[in-house]
């Protein structure tokens, strides 16, 4: 038990989540093939939830043990993690008994994923080009992505947002928005 | 024609570059050349936040430098420290710590070399004596009663205060150790919430600073860490009077630190400013009313306090099983 | 009687141009701070403290209290118009406010949130003026055992949240509770699920998580549908504003929520957000059409806004009578008073009663000014709901990200917001309701910490040793069981 605790507190912190991810991936691959094709999403999600609960439960063994006067630090997380596993398995059982409706039909997933990529790009952009440039570009590109084609108006909205965030957040509320390497030289002077 | 334009452009670029260099050189000999940011580890309205904002207010009498106070709270100060350590060591980013952040580094098992010795502890602003506060309305309102009650309850007596592994918890451990008693530390989200628990009779003692009793008539200072009684609290006995030795100078400090490697002239500038502010009557009276001693210690003396805090924390947290 | 004279005198002294302008300025700043996601009411007040250094202390107090009052209303504006609650306590407002706005009934949602805030604010202030003494004693009787049971009562409301799908909402709530345990354990300081990352030491910051779960996930869902072409441009339509009779019908909802908000507000360990969840649940149970909550029920908006505004008066009770702030904003207010060499607490009533009366009078006047300014402002805000989604959505993202950043000036929080946005979208796609998750994150820490405190103090049976705690637990058990039993009966009949 002692060795398990120290393993969980050490390399287990990385290995356990990895194993969890593999199980979820496996569930996805298996579900895609079999007769449960129409439930792939549900099966994967509920497996992921159950696995999350399991991994969390296992990780509690790595907490530095300190207990005085009753309750330990690991008790409550264990209760929630255990409940999560139980409930998620109950969901899986319902799915396999076909008591659930099949997966919702996919809409424009490409657009959603593009949008997410754009958001991540913006975050990366903020750190080097600064907030104002990347936020302006983001608003413009996001509107374009959503199918808005009135370019001058869109540019106006983007510019308006930059002005708004500058005056309200940066100046009035003195939120230290990252200016990035580029603008720092000009603004800090 | 085209050639001409290129020439004009290159002359302009060169001029700008020269200007930048000149202004850069000028900036070098007159610190500060741009606004100085003070990074708080507490949210707006917290103790150190109020202190730094008061400082910038008073300091504006003595310097034209512009101060910007920023709050980067979280993890008991580690988030703020991490941020300051990630900034250039040019003296334009100052960290505003209290005793609590040093203790927090120890109790969270974080790297002392990185978080404590990555800083130059440049200027200590004030010393706030630690004290034990009791509830007047409870039978245990004096230290003698508290100690007797603790012995009778055999370790089940309840002390309340802010976070586990904070400086007040450390102080409580020191007191238990010196008095030969044992008790339980029940932590609350904040000092005032713990004080409410004391008022409601959940515990018998709260560890904090004398000013905590201001405006709360039910609470009284029943033992204070000072070599003689505080003139603002003449009724509060010192630990020595109560027969507890070695607790005459337990304080909570507040100060300024900069990243190690900051140019000496920037540090000297800050220390000079702190000295001026420390002698300001408005600054002095504001804190002395709260029984806080205003100081202006420089690096050497400040570092000694930090070292003592580290040693105490490591020793007592081990003894009471908070860290291994 | 003496109190009334004092109050009238104080009100008279505030009737000059300067004090009134100051209150109005406070209200405007408060509404703005509340409406900006990432700028909490406490931050709004703290940011304005330096401007009061030069003011007379009583005017400074009047100004800051006005900000506090208005910030709790301000949070509802962005909650209704763009589904991005400006303050944590406006989460519940978004549950029904945003659906109403999407149905073209934004006028109703904005009107109800304003009037409910006004009513709630007034009730809270009246209670503060009349009963602060006895209420303070009640607040001190609330020990960890009672706080735990109050949290359980709050959690029991998920039984009525789930609708037909109890299992899914239970999973959602448990997820929230589990997320809440990430970070340094608040009792022993043990680090849990932090993976050595300093950013996780305090767990996830509440506002970024909330914005991600509510606002971003909703936008992702809409983007997946991608039917922007068919969207009718509502700009031409004239906004419908509710009549007085409409508000009169909601009077009981507002009153009930105001009382709940005030009472929960006086406990320093609870807070406005919990009060809104409980009030919302109560209204749902009183309603004859509970299934329509979450689809755009004015009662839901009224309950949320009345209770969070009422909590302002409640939070000032312990501050003025005990010197203990009842909320984070009240704590900042206390700090500001101390800078002005005023020590909040019971002695303030003795030393400078005129200051207290001025505070009361200014809150009452400020509440009226908020109503007037809010009515004018709503005419502006409503235009936001007329913006085409293709323009609105980029702005929601921009708002969400800047708001998340503003909380701690940290890019980590922006990542948290985005992460929870994606996570929320996945859960939403598969029919998991998100309100239980939010509730879990609101109540998780309160439940755990107080349970452990209670057990440390009085052993494993601690929560059953105190009558207040037992009473709350019984109510919680009933409120959990009744919807389930009713659902069972309904199924049998069918």
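Protein chains in written order, with this note's numbering: chain P, 2 to 190; chain Z, -13 to 310; chain V, 1278 to 1771. Just so you know, even glycine gets a beta-carbon here, dropped at the ideal spot from N, CA and C. Here the structure is a predicted model, which is why all the values come from computation and not from measurement.
Nearest to residue i by alpha carbon, out of the options?
| i | options | result |
| --- | --- | --- |
| residue 1394 (chain V) | V:1303, V:1532, V:1599 | V:1532 |
| residue 1304 (chain V) | V:1758, V:1692, V:1523, V:1639 | V:1639 |
| residue 1504 (chain V) | P:108, P:50, P:25 | P:108 |
| residue 1725 (chain V) | V:1413, V:1442, V:1426 | V:1426 |
| residue 54 (chain P) | P:162, P:161, P:23, P:78 | P:78 |
| residue 1461 (chain V) | Z:150, Z:163, Z:181, Z:186 | Z:150 |
| residue 1524 (chain V) | V:1578, V:1473, V:1550, V:1562 | V:1578 |
| residue 1423 (chain V) | V:1621, V:1348, V:1731 | V:1731 |
| residue 172 (chain Z) | V:1321, V:1601, V:1728, V:1469 | V:1728 |
| residue 1600 (chain V) | V:1568, V:1353, V:1416 | V:1416 |
| residue 128 (chain P) | P:6, P:75, P:7, P:177 | P:177 |
Please list, in chain order, all residues of the same chain as residue i whose beta carbon is under 8 Å from its beta carbon, the five residues on each side excluded.
| i | result |
| --- | --- |
| residue 1693 (chain V) | 1481, 1482, 1485, 1486, 1489, 1681 |
| residue 1500 (chain V) | 1670 |
For residue i, is the classification buried or exposed, using 16 other Cβ atoms within 10 angstroms of its Cβ as the cut-off for buried?
| i | result |
| --- | --- |
| residue 1763 (chain V) | exposed |
| residue 1690 (chain V) | buried |
| residue 107 (chain Z) | buried |
| residue 110 (chain P) | exposed |
| residue 22 (chain P) | exposed |
| residue 19 (chain P) | exposed |
| residue 11 (chain Z) | Since pLDDT at residue 11 (chain Z) reaches only 42, below the 50 mark, its modelled position is unreliable, and the value read off the structure follows with that caveat. Exposed. |
| residue 1292 (chain V) | exposed |
| residue 155 (chain Z) | buried |
| residue 291 (chain Z) | buried |
| residue 25 (chain Z) | buried |
| residue 52 (chain Z) | exposed |
| residue 121 (chain Z) | buried |
| residue 116 (chain Z) | buried |
| residue 225 (chain Z) | buried |
| residue 283 (chain Z) | buried |
| residue 1474 (chain V) | exposed |
| residue 7 (chain Z) | Low per-residue confidence applies at residue 7 (chain Z): pLDDT is 41, beneath 50, and the placement is therefore not dependable enough to give any value. |
In its own chain, which residues sit with a C-beta less than 6 Å from the C-beta of residue i, not counting the 5 before and 5 after it?
| i | result |
| --- | --- |
| residue 1645 (chain V) | none |
| residue 48 (chain P) | 25, 28 |
| residue 111 (chain Z) | 240, 241 |
| residue 1301 (chain V) | 1646 |
| residue 17 (chain P) | 56, 59 |
| residue 1412 (chain V) | 1543, 1594 |
| residue 79 (chain Z) | 23, 70, 73 |
| residue 1323 (chain V) | 1609 |
| residue 1760 (chain V) | 1436, 1437 |
| residue 255 (chain Z) | 17 |
I'd like the list of long-range same chain contacts for residue i, defined as Cβ closer than 7 Å, with 5 residues on each side in sequence excluded.
| i | result |
| --- | --- |
| residue 345 (chain Z) | Because chain Z spans -13 through 310 in this model, residue 345 (chain Z) falls outside it and cannot be assessed. |
| residue 1409 (chain V) | 1594, 1597, 1598 |
| residue 148 (chain Z) | 154, 173, 174, 176, 177, 180 |
Problem - Residues from the segment 50 to 68 of chain Z in contact with chain P, defined by Cβ distance under 8 Å - result: 54, 56
Handout entry: Stretch-stretch touch, CB-based, cutoff 8 Å, three pairs: the segment 1389 to 1404 of chain V with the segment 1690 to 1709 of chain V
Key = no
Exercise for the section: Give a yes or no on contact between the segment 1305 to 1322 of chain V and the segment 1660 to 1673 of chain V, applying the rule of three or more CB pairs nearer than 8 Å. Expected result: Here the segment 1305 to 1322 of chain V makes no contact with the segment 1660 to 1673 of chain V; the two share fewer than three CB pairs at distances below 8 Å.
Exercise for the section: Check whether the segment 1581 to 1594 of chain V touches the segment 1530 to 1550 of chain V, taking contact to mean three or more Cβ pairs, one atom from each stretch, closer than 8 Å. Expected result: yes
Exercise for the section: Report the residues of the segment 1463 to 1475 of chain V with a CB closer than 9 Å to any CB of chain P, ordered along the chain. Expected result: For the segment 1463 to 1475 of chain V, which is checked against every Cβ of chain P, the residues closer than 9 Å are 1464, 1465, 1466, 1467, 1468, 1469, 1470, 1472, 1473.
Handout entry: Inter-stretch contact at 8 Å, needing at least 3 Cβ pairs: the segment 63 to 80 of chain Z / the segment 140 to 151 of chain Z
Key = no
Practice task
Mind checking the segment 27 to 43 of chain P against chain V and listing, in chain order, the residues whose C-beta falls within less than 8 Å of any C-beta there?
Solution key: 42, 43
Handout entry: Three CB pairs or more closer than 8 Å across the segment 262 to 274 of chain Z and the segment 82 to 90 of chain Z
Key = no
Problem - Touch test, the segment 1561 to 1578 of chain V against the segment 1597 to 1614 of chain V, Cβ-Cβ under 8 Å, three pairs minimum - result: no
Handout entry: Residues in the segment 157 to 181 of chain P having any Cβ partner in chain Z nearer than 8 Å
Key = 175, 177
Handout entry: the segment 1438 to 1454 of chain V / the segment 1701 to 1720 of chain V touching (three or more Cβ pairs under 8 Å)
Key = yes
Handout entry: Contact set between the segment 1349 to 1377 of chain V and chain Z, restricted to residues whose Cβ is under 8 Å from the partner
Key = Result list empty, no residue passes.
Problem - Inter-stretch contact (C-beta, 8 Å, three-pair minimum) for the segment 1745 to 1757 of chain V and the segment 200 to 211 of chain Z - result: no
Practice task
Check distances from the C-beta atoms of the segment 1528 to 1553 of chain V to those of chain Z and list, in chain order, the residues that come in under 8 Å.
Solution key: 1545, 1546
Exercise for the section: Answer yes if the segment 50 to 64 of chain Z comes into contact with the segment 1336 to 1344 of chain V, meaning at least three C-beta pairs across the two stretches below 8 Å, and no otherwise. Expected result: no
Handout entry: Inter-stretch contact at 8 Å, needing at least 3 Cβ pairs: the segment 1568 to 1578 of chain V / the segment 1365 to 1374 of chain V
Key = yes
Exercise for the section: Check distances from the C-beta atoms of the segment 140 to 154 of chain P to those of chain V and list, in chain order, the residues that come in under 7 Å. Expected result: 140, 143, 144, 147, 148, 149
Problem - Residues in the segment 1473 to 1492 of chain V having any Cβ partner in chain Z nearer than 9 Å - result: 1475, 1476, 1477, 1478, 1479, 1482
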